[in-house]
Amino acid sequence: MAPSPYLLLLIPILPIFFLLVLALIVRPRPSKIPIKGRHVFITGGSSGIGLAIARLAAAEGARVSILARNHSRLDLARNAIRLATGIDVAVYSVDVRDSEAVARAIEDAGPIDVLICNQGVFLPQGLEKQELDEIKFMVDVNLMGTFHLIKAALPGMKLRTREIDLPASIAIMSSQGGQVGVYGYTAYSASKFALRGLAEALQHEVIADKIYVSLIFPSDTETPGLVEEIRRRPEITKIIARSSGGMTADDVAKKSLDGIKAGRFFIPCNFEGFMLSVATAGLSPQSSFAAAFLEISTASIMRFAALCFQWSWYSAIENWHAKNLSKRS
Numbered sequence: 001m002a003p004s005p006y007l008l009l010l011i012p013i014l015p016i017f018f019l020l021v022l023a024l025i026v027r028p029r030p031s032k033i034p035i036k037g038r039h040v041f042i043t044g045g046s047s048g049i050g051l052a053i054a055r056l057a058a059a060e061g062a063r064v065s066i067l068a069r070n071h072s073r074l075d076l077a078r079n080a081i082r083l084a085t086g087i088d089v090a091v092y093s094v095d096v097r098d099s100e101a102v103a104r105a106i107e108d109a110g111p112i113d114v115l116i117c118n119q120g121v122f123l124p125q126g127l128e129k130q131e132l133d134e135i136k137f138m139v140d141v142n143l144m145g146t147f148h149l150i151k152a153a154l155p156g157m158k159l160r161t162r163e164i165d166l167p168a169s170i171a172i173m174s175s176q177g178g179q180v181g182v183y184g185y186t187a188y189s190a191s192k193f194a195l196r197g198l199a200e201a202l203q204h205e206v207i208a209d210k211i212y213v214s215l216i217f218p219s220d221t222e223t224p225g226l227v228e229e230i231r232r233r234p235e236i237t238k239i240i241a242r243s244s245g246g247m248t249a250d251d252v253a254k255k256s257l258d259g260i261k262a263g264r265f266f267i268p269c270n271f272e273g274f275m276l277s278v279a280t281a282g283l284s285p286q287s288s289f290a291a292a293f294l295e296i297s298t299a300s301i302m303r304f305a306a307l308c309f310q311w312s313w314y315s316a317i318e319n320w321h322a323k324n325l326s327k328r329s
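Once you know that position 96 of the sequence shown is 96 in the working numbering, the rest is easy, because the numbers rise by one and skip nothing.
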C-alpha cells in the first residue's frame with residue numbers, strides 16, 4: 001500500500017519541527033557577553049593561556065586584571081601586554097590557595113564582569129607512587145582556588161549586572177583530562193572533573209543574575225609547564241597521549257574568549273575536544289539549539305568512537321605490562 005501523500009509532506013517538516021522544539025527547551029537562553037570596556041579578571045595570567053587571554057582581551061578594549069603567584073613574572077606579563085596592545089593591566093601577586101588574600105585582591109580590583117579562573121597545576125604520576133602532598137597541592141590550586149575566586153567575586157558581580165543590565169561570565173579552565181580519565185592523571189583528573197560539578201550547579205544559582213558559566217577544555221597546550229609535565233609522565237601516559245593533538249596558547253585563548261563572549265557552557269578548543277564534549281554532554285546546560293541538535297544526532301557515533309579510544313588505550317596498557325613482565329622473567 002502506497003504511503004499517503006500527506007504523510008510524505010511531513011518528511012521535510014519533521015526536522016524543522018524538531019529544531020523548533022529544541023529552540024524552545026534549551027537552557028539557559030542564548031546570550032552575548034560584551035568584552036569591550038568591561039573588567040576581565042584572569043588568574044594564572046602571568047604566562048601561557050592566561051597571558052594569551054589577557055593580551056587578547058586588552059586588544060579588544062577590556063580593562064584587564066591578572067593574578068598569579070610570581071611577582072616578577074607578573075611584571076614581565078604586564079610589560080608584554082603593554083608592548084603588544086598599548087594597554088596597561090593591573091597585576092596581583094596572590095596564591096589562590098589563600099582565600100583571604102584572594103578576597104583582598106578582588107576587592108582592590110573592583111567589580112568584575114568576566115572572571116576567568118585559569119590557574120592550574122598538573123603533576124602526572126600513578127596514584128600509588130604519588131605523594132599525598134602533591135595530590136593536595138593539585139586539589140587546592142585547581143579546585144579550592146576556584147572556589148576561593150568565585151566566592152570572593154560573586155557578590156560584586158551580581159551587583160554589577162543589576163547596575164548596568166549586561167550579562168557577566170564566570171569561565172573555568174578545565175582540561176580534556178577533566179572529561180576523561182587517563183593513566184597517570186588520577187589526582188589531576190579528580191580536581192578537574194570536580195570543576196564540572198561546580199560549574200553545573202553554579203549555573204543554576206547565578207542564571208537569575210544574568211551570569212553565564214563556561215567550562216573550557218583545552219588539549220595539551222604549548223605553555224612553560226608542558227615540558228616538565230611531559231618529562232614527568234609515566235611511560236604508558238606518553239603512549240596514550242600520542243592520540244591527542246597539541247595547541248598553542250594563542251589558539252586556546254582565541255577559542256576561549258570567543259566561547260565566553262557567546263555565553264557557551266562547554267568550550268572545546270579543537271575537534272577532539274568537540275567530540276569529547278558531545279560524548280560527555282550528559283545533563284550539562286546547552287544554550288544553542290544547533291549544538292543541541294548536533295549532540296543528539298551524533299551521540300551514538302561519538303559513543304562508538306569513545307569505545308574505540310578506550311579499546312586502544314587498554315590495549316596499550318596490556319601490551320606495556322606484558323612487555324615489562326617478559327623483561328622481568
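Virtual Cβ for every residue (Gly too), placed ideally from N, Cα, C.
Computed from a prediction, not measured in an experiment: that's the story for all the values here.
Straight-line gap, residue i to residue j (C-alpha atoms, nearest Å)
| i | j | result |
| --- | --- | --- |
| Arg231 | Lys136 | 21 Å |
| Ser312 | Ala306 | 10 Å |
| Asp258 | Arg63 | 17 Å |
| Pro34 | Gly263 | 10 Å |
| Thr237 | Ser175 | 16 Å |
| Val21 | Ser287 | 13 Å |
| Gly197 | Val89 | 32 Å |
| Thr146 | Leu215 | 12 Å |
| Leu123 | Ile49 | 18 Å |
| Ser315 | Gly181 | 16 Å |
| Gln203 | Ser47 | 28 Å |
| Leu76 | Val91 | 11 Å |
| Ala292 | Arg29 | 13 Å |
| Ala103 | Leu325 | 53 Å |
| His71 | Gln119 | 15 Å |
| Asn319 | Glu200 | 38 Å |
| Tyr185 | Gly177 | 7 Å |
| Cys269 | Phe289 | 20 Å |
| Ile260 | Tyr183 | 31 Å |
| Ala23 | Ser99 | 40 Å |
| Ala58 | Ala109 | 16 Å |
| Arg27 | Pro155 | 23 Å |
| Leu9 | Ser297 | Summary for Leu9: the model assigns pLDDT 46, below 50, so the residue's position carries little reliability, and this model does not support an answer. |
Whether residue i touches residue j by CB criterion (7 Å)
| i | j | result |
| --- | --- | --- |
| Phe265 | Pro285 | yes |
| Met275 | Met302 | yes |
| Phe41 | Leu115 | yes |
| Met138 | Ser191 | yes |
| Ala52 | Ala253 | yes |
| Thr161 | Asp95 | no |
| Ile106 | Ala168 | no |
| Arg73 | Asp140 | no |
| Cys117 | Ile81 | no |
| Ala54 | Ile112 | no |
| Leu143 | Ala194 | yes |
| Ala249 | Thr221 | yes |
With 16 other Cβ atoms within 10 Å as the buried cut-off, status of residue i
| i | result |
| --- | --- |
| Tyr6 | Any reading at Tyr6 is ruled out, since the residue's pLDDT is 48, under 50, leaving its predicted position unreliable. |
| Glu295 | buried |
| Arg38 | buried |
| Ala341 | The shown model of the chain, from 1 to 329, leaves out residue 341, and the question about it has no answer. |
| Ser256 | buried |
| Val333 | Limits of the chain in this structure are 1 at one end and 329 at the other, which puts residue 333 out of reach. |
| Asn79 | exposed |
| His321 | exposed |
| Ile170 | buried |
| Leu159 | exposed |
| Ile150 | buried |
Paired residues, beta bridge with residue i - DSSP
| i | result |
| --- | --- |
| Glu222 | Thr248 |
| Thr43 | Leu67 |
| Val114 | Val40, Ser169 |
| Val213 | Ile170 |
| Val91 | Ile66 |
| Phe266 | Leu215 |
| Gln286 | Arg27 |
Residue from the options with nearest C-alpha to residue i
| i | options | result |
| --- | --- | --- |
| Gln179 | Gly282, Ala291, Ser99, Leu149 | Gly282 |
| Lys36 | Leu166, Arg78, Phe193 | Leu166 |
| Thr223 | Pro30, Leu19, Gly44 | Gly44 |
| Phe309 | Asp250, His321, Asp251, Ile239 | Ile239 |
| Ser31 | Lys158, Glu134, Val213, Ala58 | Val213 |
| Leu56 | Gly86, Ala23, Ser189, Leu195 | Gly86 |
| Ile66 | Ser93, Ala59, Asp133 | Ser93 |
| Arg242 | Glu272, Leu159, Glu163 | Glu272 |
| Met383 | Val206, Leu19, Asp251 | Since the displayed the chain opens at 1 and closes at 329, residue 383 lies outside it and no answer follows. |
| Gly225 | Val121, Phe304, Glu131 | Val121 |
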